[in-house]
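Participant: In the working numbering, each residue carries its 1-based index in the sequence shown increased by 140.
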Amino acid sequence: MKRVLGEMHCGELVIAYGQTETSPVVTMSDAGDSIEIRVKTVGRAMPQTEIRIASTSTDETLPFGQQGEVCVRGYALMKGYDGDPVETAQVIHPMAGCTRAISASCARTDAFT
């Protein structure tokens, strides 16, 4: 990203994160964020979107700075895979109504992921 910013003069380039199941994105940086924030994080949660980092073994929310599974809940979350309740149950937590992401991340104390 630093190279694109410098060589292509795209000073307002931002980073966003999403999955097919949370289309289009659930986090995004802002053009006003520092370059360091834009290259080292995937931004803040989008409005009306909850994100937590959970233990892959216990599903408990992890403290800031610990790596775990990204769990997302909000308007962007799909209701399920069409005609495939088994696959849906593998990625949508039935009680919490949030995804079980396949990517790993850490939450920061400044609201960035």
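Heads up, the beta-carbon is just placed ideally off N, CA and C, and yes, glycines get one too.
State the Cα-Cα distance for the pair V144 and C150, rounded to the nearest angstrom.
Facilitator: 7 Å
Participant: Going along the chain, which residues of its own chain have a beta-carbon closer than 8 Å to the beta-carbon of R178, five neighbours each way excluded?
Facilitator: M141, L153, V154, I155 and S169
Participant: Could you check whether the segment 204 to 217 touches the segment 188 to 195, counting it as contact only if at least three pairs of C-beta atoms, one from each stretch, sit closer than 8 Å?
Facilitator: yes
Participant: Hey, how far is the Cα of S195 from the Cα of R184?
Facilitator: 20 Å
Participant: Write down every uninterrupted run of the beta strand (DSSP E) in the segment 196 to 240 whose length is 3 residues or greater and which is fully enclosed by it, in chain order.
Facilitator: 207 to 214
Participant: Expressed to the nearest angstrom, what Euclidean distance is found between the alpha-carbon atoms of A216 and Y157?
Facilitator: 12 Å
Participant: Taking T239 as the reference, which of G146, A171 and D199 has the closest Cα?
Facilitator: D199
Participant: Might you give, ordered along the chain, the residues of its own chain that have their beta carbon closer than 8 Å to the beta carbon of M186, omitting 5 neighbours on each side?
Facilitator: V165, V166, T167, M168, G214 and A216
Participant: Would you kindly work out how many angstroms separate the C-alpha atoms of K180 and G172, rounded to a whole number?
Facilitator: 15 Å
Participant: By Cβ distance below 8 Å, which residues in the same chain neighbour R248 in space, the five residues on each side in sequence not counted?
Facilitator: T181, F204 and G205
Participant: Relative to the alpha-carbon of Q230, which residue among Q207, I175, E161 and D250 has its alpha-carbon at the smallest distance?
Facilitator: E161
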